[in-house]
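Report on the following structure.
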Amino acid sequence: MAIITSYFKQQQQRVRRYMCSLLVIVVLAFSCTGAAWAKQDRADSKLLELVTHGSYLVHSDRGTISYRQNDLFLPASTLKILTSLAAFDLLGADFRFETHFFRDKKDNLYIKGYGDPFLTSEEILSICSSLKKRGISKIGSIFLDTSIFSLQQQTPGTDNSSNPYDAPNGSLAANFNTIAITQLIDGTIQSGEPQTPTLPIMKRLGSNFPRNNQRINIARSTTESLLPIPLQYFGELFCAQLYQVGISVKDGFQIKDVPPSLEPFLIHKNSKTLQEVMGACLRYSNNFIANQVFLYIGLQAGGPPATWEKGKIAISNYLRKTLGLSAQQITVYDGSGLSRKNRMSTKSLVTILQHFKPYSSLLNKRPGVLLKSGTMHGVYCYAGYMTNHGPPTPFAILLNQAENTRNELLKRLRAINAPSTRLPTGVNMKSCQ
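Next comes the structure, spelled out in structure tokens:
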């Protein structure tokens, strides 16, 4: 009996010791978890104090850091990442824009534009050299065919802006529909860049601007012209470049569609691939290029003529069918991000960035990040990849607020995402939803 009593006492002691140990473990676990969440809450508050109306999302293998990731905000120029991705997927990164050339029996030259966004002075000179090599030495009249675009409304979001980066779009456009001029001390006006000859239109435009180097959005000029000023500029530049290679033009230029009976004798493909074009678009945040590509995507999907509505429909279909994003997650009205009707969530933007990784090198490089910014009045956005810790980590910041805190917010997000930052056990690096 004493043996049995002793045995049970020993068992009771073991149970008590076990329960005490278990209690200690539970208490420590709750203490650690509480400390973990307290640490996470402190991190959250450091981020949220920078956001009065906006969203952020970082998505990595370690988890996510997010705030209001499903809510919609204006994306500004970060939308250009979507335009670039859609262009690569729908047209191909090696795609080259074309311009078609026709001749009739009277030695007239017809130029039909297809929205090439990179018809620079150098590119036009190359075209003229190609015409010379085909035996052309004289031209009667030059006819400009712009029928492939039908843009009844102005570029969304420009609101009659005179800024060069707000230049309007068109099927035939030289130098991004901008013109560089300079006025010398004696009042002489000349071209502001060596690759572009001084043209008559420069002298008319230059009289309305201050005496220094200017790049002008030519479509917003009030100078009188027989043709729309972008086409007047295109025609003058083309004639001047023809003259440089030894081709004369007898009767000037005007707007006229190509007769259906004519076939192109030259189809010029731009020297730059689409990937090179979009690289420049992203690097310099060129709204003109982005919207030319947006319109061309609509043209390919909906047939001629290109319109803003066809571009919008084509991008919406691409978002839904290829990326699985609905109109409730993202709404697009243009390709540049200028329109204040555009809306996007950071979750949608990070989805786009995940697909854009093969082209991430096209974004601007900063220490530890590949970055596209977006800025308008009351809109401050960043999107891209954190790069200094393993594989590129996509992130998005959309702030629609008075104070621009995106730099500090990105700095703090990078600090939290760094591997050297020890995350509390069991915490998924996930902030407020």
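In the working numbering, the protein residues as written are 10 to 442. Just so you know, even glycine gets a beta-carbon here, dropped at the ideal spot from N, CA and C.
Spatial neighbours of residue i in its chain, beta-carbon cut-off 8 Å, leaving aside the 5 residues before and after
i, result
"residue 411", "61 and 387"
"residue 148", "116, 117, 118, 251, 256, 257, 258 and 259"
"residue 200", "189, 190, 191, 206, 207, 208 and 211"
"residue 32", "With a pLDDT of 44 at residue 32, under the threshold of 50, the modelled position of this residue cannot be trusted, and the question is left open."
CB-CB length for residue i against residue j, believed under 8 Å
i, j, result
"residue 379", "residue 369", "5 Å"
"residue 186", "residue 179", "7 Å"
"residue 291", "residue 93", "6 Å"
"residue 334", "residue 360", "6 Å"
"residue 262", "residue 153", "6 Å"
"residue 279", "residue 132", "6 Å"
"residue 66", "residue 54", "With a Cβ gap of about 18 Å, residue 66 and residue 54 do not count as contacting."
Close-in-space but distant-in-sequence residues of the same chain around residue i (CB under 6 Å, 5 per side omitted)
i, result
"residue 86", "294, 346 and 383"
"residue 393", "372, 378, 379, 380 and 381"
Sequence-distant residues of its chain with Cβ nearer than 7 Å to residue i (five each side left out)
i, result
"residue 296", "174, 175, 345 and 347"
"residue 34", "For residue 34, the predicted model reports a pLDDT of 42, less than 50, meaning its position is unreliable and no value from the coordinates is stated."
"residue 331", "98"
"residue 329", "335"
"residue 24", "Any reading at residue 24 needs caution, since the residue's pLDDT is 43, under 50, leaving its predicted position unreliable; the model's value is listed next. Excluding positions up to five away in sequence, the list is empty."
"residue 305", "124 and 315"
"residue 342", "165, 321, 348, 350 and 351"
Identity of the residue in the options nearest residue i by Cα
i, options, result
"residue 79", "94, 352, 179 and 200", "352"
"residue 106", "403, 76, 91 and 122", "122"
"residue 238", "191, 177 and 202", "177"
"residue 426", "138, 69 and 55", "69"
"residue 225", "214, 235 and 234", "214"
"residue 160", "104, 278, 244 and 318", "318"
"residue 81", "406, 333 and 129", "406"
"residue 371", "97, 56 and 57", "97"
"residue 113", "102, 300, 273 and 320", "273"
"residue 285", "76, 83, 104 and 64", "104"
"residue 197", "212, 208 and 184", "212"
"residue 192", "182, 204, 209 and 216", "216"
"residue 309", "153, 390 and 158", "158"
"residue 156", "235, 337, 268 and 195", "268"
"residue 337", "343, 325 and 331", "325"
"residue 264", "242, 67 and 409", "242"
"residue 374", "288, 249 and 128", "288"
"residue 254", "145, 350 and 362", "145"
"residue 303", "312, 143 and 321", "321"
"residue 6", "419, 409 and 389", "The requested residue 6 is not part of the displayed model; the chain covers only 10 to 442."
"residue 141", "110, 100, 77 and 376", "110"
First through last residue of the beta strand (DSSP E) which encompasses residue i
i, result
"residue 7", "Missing from the structure shown is residue 7; the chain here goes from 10 to 442 and no further."
"residue 392", "388-395"
"residue 262", "262-264"
"residue 224", "223-226"
"residue 384", "378-385"
Residue i, enclosing alpha helix (DSSP H) - first and last residue
i, result
"residue 331", "317-331"
"residue 310", "296-311"
"residue 345", "Premise fails: residue 345 is in no alpha helix (DSSP H) and is neither H nor E."
"residue 286", "283-293"
Runs of alpha helix (DSSP H) lying entirely within the region 165-213, each at least 4 residues, in chain order = DSSP assignment within the region 165-213 yields no whole alpha helix (DSSP H) run of 4 residues or more.
Within the region 103-157, note down every full alpha helix (DSSP H) run reaching 4 residues or more, in order along the chain.
-> Fully enclosed alpha helix (DSSP H) runs of 4 or longer: 130-142.
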